[in-house]
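Engineer:
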Amino acid sequence: MALDDLSLTVERGEILGFLGPNGAGKTTAIHTALGFLRPTTGGGMILGKPFGDTAARARVGFLPDSPTYFAGSAMSAVELAGQLNDMRNPQLRERAKMLLGRLNLLSAGKDARRFSRGMQQRLGLAQALVNDPELLILDEPTSALDPPGVLEVRDLLRAARDEGKSIFFSSHQLSEVEHICDRIAFLDHGRLLRHGPLAAFLEDSGSMEVVLQNLPAAAEFLRRYEQYRAGSSENGARFVIPARLQRELIEQVWTAGGELVSVSPVRRTLEDLFVAWSAEGNRETRA
Amino acid sequence: MRKAWLIARQLLWQNRWLFLMLMFWPYVMAIILTVGGKPDPDDVLWMLHQECFAGLALVAVTGSTLLGNEQRSRRIVMVVARSVSRAQYLLALLMTAWLPLVLYGSGFLVSGIGLAVLLHKPFAGVLVMALAQLVLGVWAGSVSIFWSILLPQIPASIVSVACVGLAVYLGELGMIGPGRLLLALFETAISGRNAPATIGMDAVLTLLAGGVWFAAAAWIFSRRDLNLTAD
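Protein sequence lines, in the order shown, are assigned to chains A and B. Using our numbering, the first residue of the first sequence is number 80, and each one after it goes up by one. Using our numbering, the first residue of the second sequence is number 6, and each one after it goes up by one.
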């Protein structure tokens with residue numbers, strides 16, 4: 080997958096969610112930043128060094144989407160990752176033990192190759208964290224975890240963020256992204272379509288939910304808003320209208336003798352955004 | 006060197022049973038030769054020469070398949086995502102391909118000396134063959150790793166073994182270095198007779214040639230994409 084003029088920044092103490100449909104180029108972007116792939120033209124910097132810089136990688140922790148291991152225990156896998164990042168014992172062993180303890184892997188079996196996928200993913204996270212990296216790049220870190228495992232990882236990532244680490248979190252698990260990410264970047268067909276604070280994206284739907292009561296059945300204006308009617312509840316009739324129409328609607332309701340129960344911005348889910356942005360990406364590509 | 010060793014250790018451990026079996030191969034061959042009593046000296050020499058070629062072929066085949074295996078299993082990601090350069094990674098592969106030859110060579114040496122003693126012959130030639138084999142192993146390993154970067158596993162193995170065969174031919178044409186050392190390997194007698202006087206210089210040249218092949222491999226590999234399937 081080709082990447083087109085992609086530039087992303089992850090601040091200190093921040094988790095950036097990296098989203099996009101299959102084939103969007105997320106893994107390609109990560110592999111390019113780590114130097115596994117070479118850009119055909121151009122280049123980039125990671126931690127102030129060119130992509131693929133060996134010394135810079137000692138300051139990065141990476142968890143691939145499907146981690147694989149050599150024969151050996153969880154401890155030996157984490158120690159190897161630390162040693163390859165220039166760490167030495169006894170600090171290395173202590174940190175490995177601490178991380179394996181936090182990820183419930185201290186009593187795991189003798190051969191990491193035979194671990195369940197969830198255990199392998201947790202072990203990969205321990206490897207990524209062992210060198211106390213400034214930047215964590217995680218590719219689908221919770222895809223194989225059970226709910227308690229997801230909570231453990233979530234806590235670990237929040238703790239890492241609180242320590243000032245920058246976390247690049249690539250995932251299809253939108254609920255997870257909603258839970259822990261501060262900002263998101265949405266990639267499609269190799270292009271960055273959206274990039275910004277998650278909260279702003281979720282709140283900025285451009286629509287308002289208006290609940291009304293005691294509407295006169297014969298009110299003429301209601302016909303104009305029929306298309307925005309979103310059902311009714313015991314509180315009254317619900318309308319989801321574009322924000323620009325809210326003032327007009329409310330004035331007409333009052334004029335007609337109706338009663339305004341509530342007005343609130345419609346909060347979107349990341350799933351809504353994902354679907355909408357994917358469709359937009361497809362339209363732009365076709366165009 | 007330390008990082009290369011750390012990686013090579015893992016790869017060696019991964020294939021330990023195969024390498025241990027190969028270590029015993031020269032003993033098995035020696036036992037087969039001596040089952041019927043005192044072996045014929047020509048048979049022993051022929052077997053030692055075959056074992057030399059098999060040792061080099063072992064390095065060539067191992068070296069040419071390691072990179073493909075590691076890329077296919079994606080274990081390479083676990084390694085090169087750390088602070089490991091492409092050259093260090095290739096050095097680890099070279100060590101993984103060459104170190105089993107030390108084990109194999111020790112079996113070759115011990116079984117060869119045993120056969121020489123049985124034949125009441127001096128065994129200097131066995132020692133020369135074992136050392137030449139180790140030196141040529143560095144060269145063959147570098148050549149095979151070079152081809153493994155450019156070709157898929159099976160073609161890389163075929164080309165690598167063909168390079169060893171071609172070097173013998175070039176040695177016959179007078180090429181110094183690996184060619185002449187290979188020729189010396191196959192012409193040296195059990196007693197050490199026929200070992201050419203230039204063997205020391207050819208050993209040095211062979212190591213240099215191995216270094217050139219390795220440097221070329223590292224240069225190319227550091228400019229190539231890893232063969233990983235993206236999402």
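C-beta: ideal position from N, C-alpha, C; glycine also.
Could you please give the first and the last residue of the uninterrupted beta strand (DSSP E) stretch that includes A/P276?
Structural biologist: R270 to P276
Engineer: Please confirm whether B/G215 and B/V143 have their CB atoms less than 8 Å apart.
Structural biologist: yes
Engineer: Counting only the same chain and skipping the five closest in sequence on each side, list residues whose C-beta sits under 7 Å from that of B/E177.
Structural biologist: L188
Engineer: Can you tell which of A/V89, A/G92 and A/D211 has the C-alpha that lies nearest to the C-alpha of A/G140?
Structural biologist: A/D211
Engineer: Just to confirm, is the Cβ distance from B/R79 to B/G130 under 8 Å?
Structural biologist: no
Engineer: What's the call for B/A86, buried or exposed, on a 16-neighbour Cβ count within 10 Å?
Structural biologist: So B/A86 ends up on the buried side.
Engineer: Count the other CB atoms within 10 Å of the CB of A/N361; is the residue buried (16 or more) or exposed (fewer)?
Structural biologist: By the neighbour-count rule (16 or more Cβ atoms within 10 Å), A/N361 is not buried but exposed.
Engineer: Could you tell me which residues DSSP pairs with A/D267 in its beta bridges?
Structural biologist: Assignment of beta-bridge partners to A/D267 by DSSP yields A/R270.
Engineer: So B/P44 packs on B/L38, CB below 8 Å; how close in whole Å?
Structural biologist: 4 Å
Engineer: On the three-state DSSP scale, how would you describe A/F300?
Structural biologist: helix
Engineer: Name, going along the chain, the residues of the region 74 to 101 of chain B whose beta-carbon falls closer than 9 Å to a beta-carbon of chain A.
Structural biologist: S78, R79, R80, I81, V82, M83, V84, V85, A86, R87, S88, V89, S90, R91 and Q93
Engineer: Whole angstroms is fine: what's the gap from A/D241's alpha carbon to B/S90's?
Structural biologist: 31 Å
Engineer: What is the DSSP secondary structure of A/I36, reduced to helix, strand or coil?
Structural biologist: Chain A is shown from 80 up to 366; residue 36 of chain A falls before or after that span and cannot be answered.
Engineer: How about A/Q162: is its C-beta nearer than 8 Å to some C-beta of chain B?
Structural biologist: yes
Engineer: Anyone know if the C-beta pair for A/A322 and A/S286 falls short of 8 Å?
Structural biologist: In contact: A/A322 and A/S286 (Cβ atoms closer than 8 Å).
Engineer: Anything in the region 104 to 134 of chain A with a Cβ closer than 7 Å to a Cβ of chain B? List those residues in chain order, please.
Structural biologist: K105, T106, T107, H110, L113, F115, L116, R117, T133 and A134
Engineer: Taking Cβ positions only, does B/W18 come closer than 8 Å to chain A?
Structural biologist: yes
Engineer: Mind checking A/A238: buried by the 16 CB within 10 Å criterion, or exposed?
Structural biologist: Label assigned to A/A238: exposed.
Engineer: Using only CA atoms, which one of A/G114, A/E257 and A/L82 lies nearest to A/G102?
Structural biologist: A/L82
Engineer: Three or more C-beta pairs closer than 8 Å, one from the region 97 to 117 of chain B and one from the region 8 to 15 of chain B: is that the case here?
Structural biologist: yes
Engineer: Tell me which residues share the same chain as A/V157 and place their Cβ nearer than 6 Å to its Cβ, disregarding the 5 neighbours each side in the sequence.
Structural biologist: A175, A205, Q206 and V209
Engineer: Please identify, using Cβ separations under 8 Å, the residues of the region 9 to 35 of chain B that lie next to chain A, in order along the chain.
Structural biologist: L11, I12, Q15, L16, W18 and Q19
Engineer: Would you mind stating whether A/F97 and A/T111 have Cβ atoms separated by less than 8 Å?
Structural biologist: no
Engineer: Where does A/R174 sit, in a helix, a strand or coil, going by DSSP?
Structural biologist: helix
Engineer: Starting from A/R308, trace the beta strand (DSSP E) both ways and give me its first and last residue.
Structural biologist: R308 to S312
Engineer: I need the straight-line Cα distance from A/T147 to B/R7, nearest angstrom please.
Structural biologist: 22 Å
Engineer: Strictly under 8 Å for the Cβ-Cβ distance: is B/L233 near chain A by that measure?
Structural biologist: yes
Engineer: Indicate whether B/G60 and B/S153 have their beta-carbon atoms separated by less than 8 Å.
Structural biologist: no
Engineer: Ends of the beta strand (DSSP E) at A/Q292?
Structural biologist: S286 to Q292
Engineer: Report yes or no: is there a C-beta of chain A within less than 8 Å of the C-beta of B/R228?
Structural biologist: So, interface residue.
Engineer: Report yes or no: is there a C-beta of chain B within less than 8 Å of the C-beta of A/P146?
Structural biologist: yes
Engineer: Would you please verify whether the beta carbon of A/R136 is less than 8 Å from any beta carbon of chain B?
Structural biologist: Judged by the 8 Å Cβ criterion, A/R136 is in contact with chain B.
Engineer: Can you say whether A/L352 is buried or exposed, counting buried as having 16 or more other CB atoms within 10 angstroms of its CB?
Structural biologist: buried
Engineer: Any chance the region 147 to 161 of chain B sits against the region 98 to 115 of chain B, with 3 or more Cβ pairs inside 8 Å?
Structural biologist: yes
Engineer: Between the alpha carbons of B/D236 and A/H268, how many angstroms are there, rounded?
Structural biologist: Low confidence applies here, because B/D236 scores a pLDDT of 35, under 50, leaving its location unreliable and the question unanswered by this model.
Engineer: Is B/V133 buried or exposed, if buried means 16 or more other CB atoms sit within 10 Å of its CB?
Structural biologist: buried
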